[in-house]
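Take a look at the structure set out below.
Protein chains: 2
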Amino acid sequence: MKIESVELFYLAMPEITEEVDGSQDALLVRVSAGGLVGWGECEAAPLPSIAAFVCPPSHGVCRPVGASVLGARLDSVADIARISAEVRYNSMDLLQSAHTLSGIEMALWDLLGRKHDAPVWSLLGFPASLAKTPYASLLFGETPEITRGRAEQARGEGFHAAKFGWGPIGRHGVAADAAQFEAARQGLGADAHLMVDAGQIFGTDVGAAADRLEALDAADVLWLEEPFDAGAFEAYAALAEHRSRVRLAGGEAAHNVHMAQHLLDYGRIGFVQVDCGRIGGIGPARQVAEMAAARKVTYVNHTFTSHLALSASLQPFAGMDCSRICEYPASPKPLAAAIAAVPIGLDADGCVRAPEAPGLGIDINVEAIRPYLVDTEIRVSGEVIYRTPDL
Amino acid sequence: MKIESVELFYLAMPEITEEVDGSQDALLVRVSAGGLVGWGECEAAPLPSIAAFVCPPSHGVCRPVGASVLGARLDSVADIARISAEVRYNSMDLLQSAHTLSGIEMALWDLLGRKHDAPVWSLLGFPASLAKTPYASLLFGETPEITRGRAEQARGEGFHAAKFGWGPIGRHGVAADAAQFEAARQGLGADAHLMVDAGQIFGTDVGAAADRLEALDAADVLWLEEPFDAGAFEAYAALAEHRSRVRLAGGEAAHNVHMAQHLLDYGRIGFVQVDCGRIGGIGPARQVAEMAAARKVTYVNHTFTSHLALSASLQPFAGMDCSRICEYPASPKPLAAAIAAVPIGLDADGCVRAPEAPGLGIDINVEAIRPYLVDTEIRVSGEVIYRTPDL
Numbered sequence: 001m002k003i004e005s006v007e008l009f010y011l012a013m014p015e016i017t018e019e020v021d022g023s024q025d026a027l028l029v030r031v032s033a034g035g036l037v038g039w040g041e042c043e044a045a046p047l048p049s050i051a052a053f054v055c056p057p058s059h060g061v062c063r064p065v066g067a068s069v070l071g072a073r074l075d076s077v078a079d080i081a082r083i084s085a086e087v088r089y090n091s092m093d094l095l096q097s098a099h100t101l102s103g104i105e106m107a108l109w110d111l112l113g114r115k116h117d118a119p120v121w122s123l124l125g126f127p128a129s130l131a132k133t134p135y136a137s138l139l140f141g142e143t144p145e146i147t148r149g150r151a152e153q154a155r156g157e158g159f160h161a162a163k164f165g166w167g168p169i170g171r172h173g174v175a176a177d178a179a180q181f182e183a184a185r186q187g188l189g190a191d192a193h194l195m196v197d198a199g200q201i202f203g204t205d206v207g208a209a210a211d212r213l214e215a216l217d218a219a220d221v222l223w224l225e226e227p228f229d230a231g232a233f234e235a236y237a238a239l240a241e242h243r244s245r246v247r248l249a250g251g252e253a254a255h256n257v258h259m260a261q262h263l264l265d266y267g268r269i270g271f272v273q274v275d276c277g278r279i280g281g282i283g284p285a286r287q288v289a290e291m292a293a294a295r296k297v298t299y300v301n302h303t304f305t306s307h308l309a310l311s312a313s314l315q316p317f318a319g320m321d322c323s324r325i326c327e328y329p330a331s332p333k334p335l336a337a338a339i340a341a342v343p344i345g346l347d348a349d350g351c352v353r354a355p356e357a358p359g360l361g362i363d364i365n366v367e368a369i370r371p372y373l374v375d376t377e378i379r380v381s382g383e384v385i386y387r388t389p390d391l
Numbered sequence: 001m002k003i004e005s006v007e008l009f010y011l012a013m014p015e016i017t018e019e020v021d022g023s024q025d026a027l028l029v030r031v032s033a034g035g036l037v038g039w040g041e042c043e044a045a046p047l048p049s050i051a052a053f054v055c056p057p058s059h060g061v062c063r064p065v066g067a068s069v070l071g072a073r074l075d076s077v078a079d080i081a082r083i084s085a086e087v088r089y090n091s092m093d094l095l096q097s098a099h100t101l102s103g104i105e106m107a108l109w110d111l112l113g114r115k116h117d118a119p120v121w122s123l124l125g126f127p128a129s130l131a132k133t134p135y136a137s138l139l140f141g142e143t144p145e146i147t148r149g150r151a152e153q154a155r156g157e158g159f160h161a162a163k164f165g166w167g168p169i170g171r172h173g174v175a176a177d178a179a180q181f182e183a184a185r186q187g188l189g190a191d192a193h194l195m196v197d198a199g200q201i202f203g204t205d206v207g208a209a210a211d212r213l214e215a216l217d218a219a220d221v222l223w224l225e226e227p228f229d230a231g232a233f234e235a236y237a238a239l240a241e242h243r244s245r246v247r248l249a250g251g252e253a254a255h256n257v258h259m260a261q262h263l264l265d266y267g268r269i270g271f272v273q274v275d276c277g278r279i280g281g282i283g284p285a286r287q288v289a290e291m292a293a294a295r296k297v298t299y300v301n302h303t304f305t306s307h308l309a310l311s312a313s314l315q316p317f318a319g320m321d322c323s324r325i326c327e328y329p330a331s332p333k334p335l336a337a338a339i340a341a342v343p344i345g346l347d348a349d350g351c352v353r354a355p356e357a358p359g360l361g362i363d364i365n366v367e368a369i370r371p372y373l374v375d376t377e378i379r380v381s382g383e384v385i386y387r388t389p390d391l
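Chains as they are written, first to last, in UniProt numbering: chain A, 1 to 391; chain B, 1 to 391.
Right, dumping it as structure tokens:
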């Protein structure tokens, strides 16, 4: 097959708030080849990511992503790796290209799986898609009471694990944060996993993060996620030295395999969280999952958007027995909820699995998402180089 | 002062070739505040970088760069650091934002220097701008003869150092590369510095790079630049173990201080090359220069575009006696050559210095660059969110 077209669809809620809720907009990718289509999703700012696909070239290794993808051969898994390597090299100086590539790469896997009538996890070599314990991914409320309510609701929906993040954490002192952690634990109950996402609030301040460890231990928190800048490996390693049961987690910002590997090797994290919509897609995420297993670190997906992104993010560790917990977008905005025609639901045991259907196993509800389409047009030197395609 | 406007100008040569020549287009930034203007330049794909400034927000930490800059207070050096930190945090998930910020940050230094009637290096605390030995930054020719000719020309123009890069290196075997290194040395003469830039051609293949060390030593090459992927620290460190006089260089891709620091600490490079147009501007570059000095590593600028970018890139180490070599764009395209009204020339000793004039000390030749302006327009939901401003 030859890649005939790559269409990018910018979707957004009518109003975007300043909440750190990544489900407020989306960049969907539809790839066509050999009479088939595949879908993917970039976890990225839509407009700059579109620009990275269509922009005029700047020089030999600052070319638009489209130049390395359109017209390329796609017959095997090796072709996906080859196309990705060409994008990496030819768009070396175009920073946003990794985010753009991510959604395209997912769509290539989806398309290839549909062609071979096989789920992506099977193309990756896994004999089965194992059950994972989903954790509800939630934001801290402005008060402990709101947080407790959200935890109770997640428990009521069947979740045995939940992660709270962002909001007031790190902004109002140690005691205020301790009250938040305690409220989340109370709402969730003693027998569920509780995780905390600090959203990089401590920058490189190891002491400020260390001051929270006692309260995190008291609430029996499994991991503390992104206490620091994504690249501050030394701060991660220094915090890991402190006496605490809490392990560190990070990796969502990795836009290549090296960055995730370095968090493992230099940052001494205990959980590595990869977003397939940023790292370059499913292939690089699979590489990180293998690296993590070799280092006895638990691989976890990072997913805060749609169930298309959730399916893609489950594939790289679908068959890995050593990684049995997964992030699950528990309260996405209506736009993100509308993308998958049938969501990946919780089974009777409260578990989820990567779908058995071919490709990513997710059909896109085109009619449901149409109202969210953001009409976009880019003109350069009088020529339209991008206009929102027909859905 | 309050930042009143940030204007982005996309300039390009009429034809863009596949040469790895970053001077074929440019993204200039003009910032206005308190009746003054400052100029900067992003070393980046123009269209995605513009999009990163004007795009609608995606969520709380995926906001456009403009949201953190427009209207901000600018009275002191500390304000530049504060504005940059806000961009880093508020645009954490917008990958391209570091490249967009870089040109803006430069313009803020330029503006502040003009306000205080002081060169930027003086605002950075240096008592003087020291002479640097510029190296001509050139591309390998397709044949050794072409390379030799370029080396002879550089010598004839007064350069005592030259770096050759990209082109055929790594593509036609060890003997072909050896002939190129030898030709460069012959053209340059025995008493000049010669450096080689491999342009990441060896990916993570340490053996392939090591196979070239003997020929590099034979040509008395001072450094081998970017033999590997920018993030492949392990490969850099492994090559540094080999017996050779050649030291490794890298860092141009760093889009934050952490990345440059990690090349120093984990990649064991001997020269760290920072592009102010990518790392976030002059402030972060200054931090890396200090880190390098503390580790006895030589700081070098990475500059392949205009003399505005050259001035910006000289500032972070203008007064450092331990870093006396600098990259100098020796044969930029007419567009890049047109940007500075008066270029930074070589003195009688063949040396260059960061200008003594206020700010970056470069006046922009608006009339000369006007013909290169690329008319650009971005519409979202029927509204024009970017249109090329009047020069």
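All residues carry an ideal CB built from backbone N, CA and C; glycine is no exception.
8 Å Cβ cutoff, residue i in contact with chain B
| i | result |
| --- | --- |
| Ser323 of chain A | no |
| Arg379 of chain A | yes |
| Asp229 of chain A | yes |
| His59 of chain A | yes |
| Ile16 of chain A | yes |
| Gln273 of chain A | no |
Within-8 Å CB hit, residue i to chain A
| i | result |
| --- | --- |
| Phe233 of chain B | yes |
| Ala208 of chain B | no |
| Pro48 of chain B | yes |
| Gly382 of chain B | yes |
| Pro56 of chain B | yes |
| Leu94 of chain B | yes |
Residue i - DSSP class collapsed to helix/strand/coil
| i | result |
| --- | --- |
| Gly359 of chain A | strand |
| Ser5 of chain A | strand |
| Ser32 of chain B | strand |
| Tyr299 of chain A | strand |
| Asp217 of chain B | helix |
| Phe304 of chain B | coil |
| Ile201 of chain A | coil |
| His262 of chain A | helix |
| Ala78 of chain A | helix |
| Glu377 of chain B | strand |
| Ala249 of chain A | strand |
| Gln186 of chain B | helix |
| Glu86 of chain B | helix |
C-beta contact flag for residue i and residue j at 8 Å
| i | j | result |
| --- | --- | --- |
| Gly277 of chain A | Ala237 of chain A | no |
| Ile364 of chain A | Ala341 of chain A | yes |
| Pro168 of chain A | Ile16 of chain B | no |
| Asp117 of chain B | Pro371 of chain B | no |
| Leu194 of chain A | Val246 of chain A | no |
| Pro332 of chain A | Ser23 of chain A | yes |
| Ala218 of chain A | Ala192 of chain A | no |
| residue 454 of chain B | Gly34 of chain B | An answer regarding residue 454 of chain B cannot be provided, because it is not within the stretch 1 to 391 covered by chain B. |
| Ile282 of chain B | Ala254 of chain B | no |
| Ile325 of chain A | Ala26 of chain A | no |
| Gly165 of chain B | Glu225 of chain B | yes |
| Met92 of chain B | Val54 of chain B | no |
Check your understanding: Taking three-plus beta-carbon pairs below 8 Å as touching, is the stretch 278–296 of chain B in contact with the stretch 307–323 of chain B?
Key -> yes
Check your understanding: Can you find at least 3 beta carbon pairs, one from the stretch 86–100 of chain B and one from the stretch 35–51 of chain B, that sit closer than 8 Å?
Key -> yes
Practice item. Evaluate the contact criterion for the stretch 256–274 of chain B versus the stretch 296–309 of chain B: three or more CB pairs, one atom per stretch, below 8 Å. Key: yes
Practice item. Jot down the residue ranges of each uninterrupted beta strand (DSSP E) in the stretch 101–170 of chain A, minimum 3 residues, whole runs only, in chain order. Key: 133–139 and 161–165
Check your understanding: Should the stretch 202–219 of chain B be regarded as contacting the stretch 260–270 of chain B, the criterion being three or more beta carbon pairs within less than 8 Å?
Key -> no
Practice item. Flag this pair as touching only if the stretch 48–62 of chain A and the stretch 73–86 of chain A have three or more C-beta atom pairs under 8 Å; answer yes or no. Key: no
Exercise for review: Count the CB pairs spanning the stretch 73–80 of chain A and the stretch 146–154 of chain A that are closer than 8 Å, and state whether there are at least three.
Suggested key: no
Practice item. Take every Cβ of the stretch 122–129 of chain A, pair it with every Cβ of the stretch 318–328 of chain A, and state whether three or more of those distances are shorter than 8 Å. Key: yes
Exercise for review: At 3 residues or longer, and completely inside the stretch 21–75 of chain B: list those beta strand (DSSP E) runs for me, N to C.
Suggested key: 25–33 and 36–42
Review point. Hey, which unbroken runs of the beta strand (DSSP E) at 3 residues or more fall wholly within the stretch 279–352 of chain A?
Key: 298–301 and 325–329
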